[in-house]
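Participant: Dumping the structure here so I can ask a few things about it.
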């Protein structure tokens, strides 16, 4: 019997280079292993182990006159034998084609089978994902809907687990197919025995040499197959059931050769409850931009999807993308499937990388959520293969929700308000349009019982620097950052450099490194948030509470689709600031020194006596509080906090001397318990005007407010009731800020400090710069004041659909910035009234129609017509009844005079206006029709 063998590399025999080979197959192994040992050292130069393995080697054995293929093999790595004295390569090692079902070739799968199916069907689906076919020697069984799911498992893991459930195992054959076999269990003792005389036939088996394969299997061609994989980006499989939210869904189609050809049509279907953007979409390229991955080793990284081309690979710390690891001109920069190999090694074997690449075989579609909260399946089908995934609508149990709140400041004086800030997420997204309810237990009152979550500007939120990603300083905001907005991050003061680099979610990367824990100031717009004032006025607390102080617990709740809903609490404390003296310590919101009567001619605000001033803060230094030297007056805003220039140089003891002697703390009186220092000169305050009172109130409450509420308080329009009679002009407000702080509230440095940054103090250039900055900052402050007042006091305007069907929802935006979802009630007929923010508006239901109820005609003249009911133009879908009156006059006057100021011909008179019946006019007809809206 003729026995022989051959090894082919890329279809060419290399038998002369081979010293020996060994093929191994083990029970339960899904691929066969091959080791080739070469007699020729140059043999190893034909393999580059830095690139992705290719199916290159075929082994054949000869039995008689027939050559039998033992299969195609990948050459994956050199096996190495290590001893204390040497390390020796023992040839090359690889596996058969069925290795594609596991790492490093296959893509991990996450899926739940939501419909009844079978074990064989799932196994065939998994094999198809890898371009493999599968043979079954094991019986099939039913897998019921929702009873089986996998998370980040290789296809071979799924196949092996399902085979194990039925007492089977996975094998393979030389055709490149997976085989599912039954375990054969032998009894412990034979049922009976036979003797030699009973043997009727003896079968001989072929004995191969040690280097040969002991399994004789005939070859056959492999079958092609198509697979479809569905996925989403940015959590698009979790959507609110609001009728407007959309998500993007991807179908990746592949066959045994990789991604399917472009422009192959994918057919989409879905259950009722969502709307697909299209029922058929073509496959093609798609850019996966800026994904974050960790390297597999120093030269390899794996991405989610099949790669058509690589755009770039950068270290996460390389924010400017200066060093691209991907350079296809270099040997070893290759990709295969969803794996990328590079020539230059990464810095770390698990380095965090940013990768942009183009995938192929991708069909893209959109889904729009309906108004009913339940899970809806979407199916994509191509070339007989299909995949299904669930889109979860309003399913907070599966997608998650949260509600948080905090109170501004540590306490508040009676007569002032503290803000309760609430924010929430639904389906891991800002809960825009959801309503939160406020319930108080304790003193004071809530100014509102419910608010719709929208956007809140957050000023100077403290956030500590972290280094969760090595080499990348980051801060995390407490609330979600609104889309299409760019946060700002500063150290100490917003006049320092902005340290924002980029952000993802509520994590912000900084462009400068700091020690872990360093506190930064973050300015951003929060999404899914709102504020509500808690006001402990004297009128709504008892006498005992007013004297001793009181507290309240505010409970914030929100419906999120779960039975319990969401709930959180915050606490507030109020005290009587009038009865506090020096021994009681600082009060929670003690106002700065009250406003003395200002100099009627304050410009220019130069020092009366030249003063050395303060050192200008360097980069990211804390702005100095202003501790001026000498006995003269200070620059505006420096020193003791007085709000008029040239007043006060003493220390905090309340005296007018630098040593703390002389003068009584609290001298001077603007009301019970109010204290300020005696000025170094005799300046008796005048009477408190309404503008003074407004400014004092602002100084007392400004730090307890946040976002828009803070700006409204600053400019005297905390509510719409402040609009008709504004106590201060914008110029007066901005002028007082410069007296108080040495600059407007928009800047942390004083005008003196800013002018000193550019010029030597007291030089001619300094005074010129001081004047320029003062004019510029005043104009900026006044413009902002006018804008805030216009937004708060202008008529509320709503934008959104004018008509909704019963049960239909839509987003509406009020001109005060409030955003919310409005749903037309089921069974609503005619016009319905809604309130959102400051806007009260009507939306018409499509249900119902008009029916005629009466009409009449009469004669008369245009002046004497009397209508039986009010006239107005027809307005579709308005509930109730209306009458439409019409008068037609004909001008017959023969001269050129025009007694009705109209042209010759019929004149329509609405409400009897527009023409008088006189000489030359006669009535054509006069009448009315009345209609009733019927549901």
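Residue numbers (the UniProt record's numbering): 1 to 935.
Ideal Cβ placement from N, Cα and C applies to all residues, glycine included.
Predicted model only: the values in this text are computed from it and were never measured.
Looking at the structure shown, is residue 731 part of a helix, part of a strand, or coil, going by DSSP?
Facilitator: Residue mapping note: residue 731 aligns to position 731 of the chain shown, counting from 1. Residue state, collapsed to three classes: helix.
Participant: Determine the DSSP secondary structure at residue 120, reduced to helix, strand or coil.
Facilitator: For the purposes of this step, residue 120 is taken as residue 120 along the chain shown, with counting starting at 1. Reduced to three states, the DSSP call for residue 120 is helix.
Participant: Let me know the secondary structure DSSP gives residue 766 once reduced to three states.
Facilitator: For the purposes of this step, residue 766 is taken as residue 766 along the chain shown, with counting starting at 1. Correct three-state label for residue 766: helix.
Participant: Where does residue 735 land, buried or exposed, given buried means 16+ other C-beta within 10 angstroms?
Facilitator: Here residue 735 is taken as the residue at index 735 of the chain shown, counted from 1. Classification for residue 735: buried.
Participant: One question on the structure: do residue 573 and residue 312 come within less than 7 Å of each other, judged by their Cβ atoms?
Facilitator: Translated into the one-based positions of the chain shown, residue 573 becomes position 573. Translated into the one-based positions of the chain shown, residue 312 becomes position 312. Cβ distance not < 7 Å, so residue 573 and residue 312 don't count as in contact.
Participant: Is there contact here, the region 382 to 401 with the region 341 to 350, by at least three beta-carbon pairs under 8 Å?
Facilitator: The region 382 to 401 is not in contact with the region 341 to 350.
Participant: Could you give the C-beta distance for residue 393 and residue 239, rounded to a whole number, given that I count them as a contact under 8 Å?
Facilitator: In the chain shown, the residue the question calls residue 393 occupies position 393. In the chain shown, the residue the question calls residue 239 occupies position 239. Correct: roughly 6 Å between the Cβ atoms.
Participant: How would you write the range of the alpha helix (DSSP H) that residue 754 sits in, first residue to last?
Facilitator: The residue you call residue 754 lines up with position 754 of the chain shown. Note, residue 754: alpha helix (DSSP H), 751 to 758.
Participant: Three or more C-beta pairs closer than 8 Å, one from the region 447 to 459 and one from the region 522 to 529: is that the case here?
Facilitator: Enough Cβ pairs lie closer than 8 Å, so yes.
Participant: Between the region 698 to 708 and the region 762 to 774, can you find at least three pairs of beta-carbon atoms closer than 8 Å?
Facilitator: Verdict: no, contact absent.
Participant: On the DSSP bridge list, what partners appear for residue 503?
Facilitator: Mapped onto the chain shown, residue 503 falls at position 503. Beta-bridge pairing links residue 503 to 508.
Participant: For the region 538 to 572, list the alpha helix (DSSP H) runs that are entirely contained and at least 4 residues long, ordered along the chain.
Facilitator: As far as the region 538 to 572 is concerned, its whole alpha helix (DSSP H) runs of at least 4 residues are 543 to 548.
Participant: Are the Cβ atoms of residue 273 and residue 376 separated by less than 7 Å?
Facilitator: Position 273 of the chain shown, counted from the start, is the residue given in the question as residue 273. Position 376 of the chain shown, counted from the start, is the residue given in the question as residue 376. Taking 7 Å as the Cβ cut-off, residue 273 and residue 376 qualify as a contacting pair.
Participant: Sorted by chain position, which residues of the same chain lie with C-beta nearer than 6 Å to residue 585's C-beta, five sequence neighbours on each side aside?
Facilitator: On the chain shown, position 585 is the one that residue 585 refers to. For residue 585, the predicted structure reports a pLDDT of 46, less than 50, and the residue's modelled location is therefore unreliable. A value from the coordinates is still provided. Nothing listed; no residue qualifies.
Participant: Should residue 405 and residue 562 be called a contact, given that it needs their Cβ atoms to be closer than 7 Å?
Facilitator: Looking up residue 405 in the chain shown gives position 405. Looking up residue 562 in the chain shown gives position 562. Their beta carbons are not under 7 Å apart, which means residue 405 does not touch residue 562 by this criterion.
Participant: Which residues mark the beginning and the end of the alpha helix (DSSP H) in which residue 397 is found?
Facilitator: Within the chain shown, the letter at position 397 stands for residue 397. Here the alpha helix (DSSP H) through residue 397 covers 396 to 399.
Participant: Decide if residue 397 is buried, meaning its Cβ has at least 16 other Cβ atoms within 10 Å, or exposed.
Facilitator: As a working note, residue 397 is residue 397 in the chain shown. By the 10 Å Cβ count, residue 397 comes out exposed.
Participant: Using 8 Å as the cut-off, can you tell me whether the region 144 to 151 makes contact with the region 94 to 102, which would need three or more C-beta pairs spanning the two stretches below that distance?
Facilitator: Too few Cβ pairs lie closer than 8 Å, so no.
Participant: Counting pairs of Cβ atoms below 8 Å between the region 769 to 785 and the region 798 to 811, do you hit three or more?
Facilitator: Counting Cβ pairs under 8 Å, fewer than three are found: no touch.
Participant: Could you say if the region 361 to 377 and the region 246 to 257 meet the contact criterion of at least three C-beta pairs nearer than 8 Å?
Facilitator: Flag = yes, the region 361 to 377 and the region 246 to 257 touch.
Participant: Look at the Cβ atom of residue 726, then the Cβ atom of residue 751, and state whether they are nearer than 7 Å.
Facilitator: Position 726 of the chain shown, counted from the start, is the residue given in the question as residue 726. Position 751 of the chain shown, counted from the start, is the residue given in the question as residue 751. Against a cut-off of 7 Å, the Cβ pair of residue 751 and residue 726 comes out as no contact.
Participant: Can you list, in chain order, the residues of its chain whose CB lies under 6 Å from that of residue 837, leaving out five sequence neighbours each side?
Facilitator: Indexing the chain shown from 1 puts residue 837 at position 837. Closer than 6 Å at Cβ, skipping near neighbours: 814, 816, 818.
Participant: Any idea if residue 714 is buried or exposed, counting beta-carbon neighbours within 10 angstroms, 16 or more meaning buried?
Facilitator: Along the chain shown, one-based indexing puts residue 714 at 714. Under this definition residue 714 is a buried residue.
Participant: So, with DSSP's three-state summary, where would you put residue 690?
Facilitator: As a working mapping, residue 690 is identified with position 690 in the chain shown. If DSSP states are grouped into helix, strand and coil, residue 690 belongs with the helices.
Participant: Ordered along the chain, which non-local residues of its own chain (more than five positions away) have a Cβ less than 6 Å from that of residue 287?
Facilitator: Within the chain shown, numbered from 1, the residue matching residue 287 stands at position 287. For residue 287, where only same-chain residues beyond five positions count, the Cβ hits under 6 Å are 358.
Participant: On the DSSP letters alone, give me the boundaries of the beta strand (DSSP E) that residue 32 sits inside.
Facilitator: Counting from 1 along the chain shown, the entry for residue 32 is found at position 32. Run containing residue 32: none; DSSP gives neither H nor E here.
Participant: Measure the beta-carbon distance from residue 509 to residue 519 and round it to whole angstroms, keeping in mind my assumption that it falls under 8 Å.
Facilitator: The count along the chain shown starts at 1 and reaches residue 509 at position 509. The count along the chain shown starts at 1 and reaches residue 519 at position 519. So it is not a contact: roughly 17 Å between Cβ atoms.
Participant: Below 8 Å on the Cβ atoms is my guess for residue 19 versus residue 37; work out the distance and round it to an integer in Å.
Facilitator: Walking along the chain shown from the start, residue 19 turns up at place 19. Walking along the chain shown from the start, residue 37 turns up at place 37. Contact flag correct, Cβ pair sits at about 5 Å.
Participant: Taking the alpha carbon of residue 425 as the reference point, which residue from 381, 559, 771 has its own alpha carbon closest?
Facilitator: Within the chain shown, residue 425 is the residue found at index 425, counting from 1. Among 381, 559, 771, the Cα nearest to that of residue 425 belongs to 559.
Participant: Hey, quick one: how far does the alpha helix (DSSP H) through residue 157 stretch, first residue to last?
Facilitator: To locate residue 157, count along the chain shown from 1; it is residue 157. Run containing residue 157: 155 to 165, per the alpha helix (DSSP H) assignment.
Participant: Drop a sphere of 10 angstroms on the beta-carbon of residue 731, count the other beta-carbons inside from all chains shown, and report buried for 16 or more, exposed for fewer.
Facilitator: Sequence index remark: in the chain shown, residue 731 carries index 731 (1-based). Classification of residue 731: exposed, given that the 10 Å Cβ count is below 16.
Participant: Can the beta-carbon of residue 298 be found less than 7 Å from the beta-carbon of residue 349?
Facilitator: Along the chain shown, read from residue 1 onward, the residue named residue 298 stands at position 298. Along the chain shown, read from residue 1 onward, the residue named residue 349 stands at position 349. Yes; because the gap between Cβ atoms is below 7 Å, this pair is in contact.
Participant: Assign residue 491 to one of three DSSP states: helix, strand, or coil.
Facilitator: Counting from one through the chain shown, the residue named residue 491 turns up at place 491. If DSSP states are grouped into helix, strand and coil, residue 491 belongs with coil.
Participant: Sorted by chain position, which residues of the same chain lie with C-beta nearer than 7 Å to residue 67's C-beta, five sequence neighbours on each side aside?
Facilitator: Residue numbering aside, residue 67 sits at position 67 when the chain shown is read from its first letter. Excluding residues within five positions, the ones whose Cβ falls inside 7 Å are 60.
Participant: To the nearest angstrom, how far is the alpha carbon of residue 451 from that of residue 532?
Facilitator: Along the chain shown, read from residue 1 onward, the residue named residue 451 stands at position 451. Along the chain shown, read from residue 1 onward, the residue named residue 532 stands at position 532. Taking the straight line from one Cα to the other gives about 8 Å.
Participant: On a CA-only basis, which of 314, 465, 737 is nearest residue 353? Give me that one, please.
Facilitator: Translated into the one-based positions of the chain shown, residue 353 becomes position 353. Of the listed residues, the one whose Cα sits closest to residue 353 is 314.
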